[in-house]
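Written below as structure tokens is the structure these notes are about.
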Amino acid sequence: VRHLIVVFGDQLNLDASAFDDFDQERDLVWMAEADKESTHVWTHKQRIVIFLAAMRHFRDALKERGDRVHYTQLDDSKQTNRLSERLDIDLRALRPDRVIACQPGEWRVQEGLKKVCEENGVPLEIREDRHFYTTPGDFEKHAEGRKSLRMEFFYREQRKRFDVLMDENGKPEGDAWNFDKDNRGNFGKSGPESPGKGPSHRADAVTQEVIDLVNKRFADHPGSLDRFTWAVTREEAKRDLNKFIKERLPTFGLYQDAMWQDEPWLYHSLISSSLNLKLLNPREVVDAAAEAYYSGHAPIAAVEGFIRQILGWREYVRGIYWMHMPEYIERNTMGAEECLPDFYWTGETKLECLRQSIGQTLEYGYAHHIQRLMVTGLYALLLGIHPKRVHEWYLAVYVDAVEWVELPNTLGMSQYGDGGLMASKPYVATGKYIHKMSNYCQACPMNPAKRTGEDACPFTTLYWDYLLRHEKTLRKNQRMSLQVRNIDRIKTAERKAIQARAEELRKDPACMKENK
Ligand code: FAD
């Protein structure tokens, strides 16, 4: 074997740089399924299936174009617990001149790869992953000399650099960089009109085999496989993208932050797993959205709001990840030490917003951004859960979870564990935010306007408790000053009542013990 091309489960693009000089006669593609990848965090069954099914379909696509593939399935007798163990054994048997791989999506995997190659004395070439618009090096250049980093400035640079939604005078289309104010709608009393029905791909024989395997082998893992309909091939992913652009993009922006009972999909694109597995390329997604604007199919606010997520946030978080790993994962600026409540794994709570957001997560492996940030994430932040425990949950339960994107979003954006690298202030709010953006509170026994008492919304109690606990730190943050100043108006007796109630909530965060 001349070159052994190592392909990990989130690198399923046939045009990856690792294949640039591939010679079908002399080179071999190496792929492996390993138990540990599903157990190092207690992974949701749908997440295991999406990775394994997409990998097996990709193996078949490689073979179809004539590539030789060395593939180890979980149910092979030669399967090993860890990827690196399998690679170690195979390197000794295959003795390639060189190992080639695209940059992995996880620091841990990259280190494992380097170590095995070094131990076997095989040269390793890690190539830039050109799936992304930007490289970790581009991001470091952007960060150089800046006191603080803000996504907005990085995003504007990329808009100009890649000429996305720019007019002929070099100005942003619609004469503004940001349409956030148009993108904060809620559904009022009537609810969403014809919301999305979710992905609807039928499992073929390859996927069904994986479903059966996961049901047997990972029976005690969280989540359900009653309905597995995620895209696992490029063709399916392209169909999802087209459907989204045609049917939901025009409404995406306005209702981007809104939530509604028993409507998990709303107007979201549902393509994050396909993007992260590399079944879709961000350029084709951004180009399709921009085209919808230029053809008059979708308004600028929706299109810009959507493109910002991909050309902005997605590239930005990857830059943060590679710039700050491996120390980033250990950060805990606010000193949060609590354990993750058990109900995050069951959805058993009286709090309707959490019941809905966790329930659909367990059923489908999906929740949209505001549910992740302002429901499950916010509750963990306010309770004071250790950011690493929160990170492990998010990495385990979503079909789109890959560490480079999950970790900065969880530890940084949602838990403020990085002390302001990702977000300029903690995303904290009372239950009134959820009340405004959804109809969840109507089905909940708690009152978002109350901060003390047994029927006070725990988000509201814990919000005030959070401000009281972290008053000293938060007062130093200019962007928090307005929020923190409000605690000056709370009398000592009420402060004590808030803190006492917060203590009770920490003992019963699901509010199951109360007699309601
Ligand atoms: P849409 O709402 O339709 O957005 C379009 C696309 O933009 C997404 O498919 C995604 O690729 C990209 N995008 C949107 N927001 C972000 C963001 N903040 N960071 C990076 N890309 C973004 N996204 C993941 O892909 N994997 C994760 O593991 C992940 N974990 C998250 C954890 C937390 C705590 C939070 C707050 C957010 C997380 N996100 C993650 C970002 C975001 O919530 C998901 O990308 C989005 O909900 C996926 O659904 P969608 O495809 O319908 O997205």
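Numbering (UniProt numbering), first residue to last: 3 to 518. All C-beta atoms in this analysis are idealised placements derived from N, C-alpha and C, irrespective of residue type, glycine included. What you are looking at is a predicted structure, and each value in this text was computed from that prediction instead of being measured.
Short Cβ contact (8 Å threshold) for residue i with residue j
i, j, result
"Arg241", "Tyr269", "no"
"Ser440", "Arg374", "no"
"Leu385", "Arg508", "yes"
"Tyr442", "Gln258", "no"
"Gln501", "Asp467", "yes"
"Tyr318", "Leu409", "no"
"Tyr465", "Thr432", "yes"
"Asn283", "His133", "yes"
"Ile436", "Pro447", "no"
"Thr463", "Arg491", "no"
"Pro194", "Glu265", "yes"
"Ala292", "Leu167", "yes"
"Leu96", "Val3", "yes"
"Gly321", "Phe164", "no"
"Tyr381", "Leu413", "no"
"Phe308", "Ile273", "no"
"residue 1", "Leu54", "Nothing about residue 1 can be reported from this structure: the residues present for the chain run from 3 to 518 only."
"Ala300", "Phe189", "no"
"Val31", "Leu64", "yes"
"Glu505", "Val486", "no"
"Ile331", "Gly349", "no"
"Asp177", "Ala303", "no"
"Ile52", "Val287", "no"
"Pro328", "Trp109", "yes"
"Thr351", "Met514", "yes"
"Ala398", "Thr74", "no"
"Ser275", "Trp232", "yes"
"Tyr429", "Arg49", "no"
"His144", "Glu159", "yes"
"Ala338", "Pro389", "yes"
"Asn488", "Lys427", "no"
"Val9", "Leu115", "no"
"Phe181", "Gly68", "no"
Residue i beta carbon near ligand 1 (any heavy atom closer than 7 Å)
i, result
"residue 526", "Outside the shown range of the chain (3 to 518) lies residue 526, about which nothing can therefore be said."
"residue 1", "Nothing about residue 1 can be reported from this structure: the residues present for the chain run from 3 to 518 only."
"Ala379", "Before going further, note that residue 379 is Gly rather than Ala in the sequence given. Gly379: yes, Cβ under 7 Å from ligand 1."
"Tyr135", "no"
"Asp92", "no"
"Ala403", "yes"
"Asn411", "yes"
"Gln311", "yes"
"Met327", "no"
"Phe141", "no"
"Tyr400", "yes"
"Ser271", "yes"
"Trp262", "no"
"Arg49", "no"
"Leu54", "no"
"Ser274", "yes"
"Leu375", "yes"
"Ser202", "no"
"Ser40", "no"
"Phe308", "yes"
"Trp315", "yes"
"Met415", "yes"
"His388", "no"
"Glu408", "yes"
"Val43", "no"
"Val319", "yes"
"Tyr435", "no"
"His371", "yes"
"Tyr257", "no"
"Tyr396", "yes"
Proximity test, Cβ basis, 8 Å: residue i and chain E
i, result
"His437", "Among the protein chains of the structure shown there is no chain E, as only one such chain exists."
The stretch 53-62 contacting the stretch 85-103, beta-carbon criterion three pairs below 8 Å: Output reads no: the stretch 85-103 does not touch the stretch 53-62.
Unbroken stretches of the alpha helix (DSSP H), 4 residues or longer, contained in the stretch 252-309: If we require 4 residues or more, the alpha helix (DSSP H) runs fully inside the stretch 252-309 come out as 274-279, 284-296, 302-309.
Entirely within the stretch 358-399 and at least 4 residues each: give me those alpha helix (DSSP H) ranges in chain order. Within the stretch 358-399, the alpha helix (DSSP H) runs of at least 4 residues that lie entirely inside it are, in chain order, 380-385, 389-399.
For the 8 Å Cβ check, are there 3 or more pairs between the stretch 14-32 and the stretch 102-116? The answer is yes - the stretch 102-116 touches the stretch 14-32, with three or more Cβ pairs under 8 Å.
Alpha helix (DSSP H) segments (min. 4 residues) lying fully within the stretch 152-211: Counting whole runs of 4 or more residues, the stretch 152-211 contains the alpha helix (DSSP H) stretches 153-163.
The stretch 218-227 / the stretch 154-164 touching (three or more Cβ pairs under 8 Å): No, because fewer than three Cβ pairs between the stretch 218-227 and the stretch 154-164 fall closer than 8 Å, the two stretches do not touch.
Cβ contact check for the stretch 207-225 and the stretch 27-45: 3 or more pairs under 8 Å: Cβ pair count under 8 Å is three or more, so yes.
To test your reading of the DSSP string, which unbroken alpha helix (DSSP H) runs of 4 or more residues are found completely within the stretch 103-129? Runs found: 109-121.
Ranges of the alpha helix (DSSP H) found wholly within the stretch 39-104, counting only runs of at least 4: Those alpha helix (DSSP H) runs which fall completely within the stretch 39-104 and span 4+ residues are 47-66, 85-96.
Secondary structure, alpha helix (DSSP H): runs of 4+ residues fully inside the stretch 396-480: If one requires a minimum length of 4 residues, the alpha helix (DSSP H) runs lying completely within the stretch 396-480 are 405-409, 433-439, 460-471, 473-477, in chain order.
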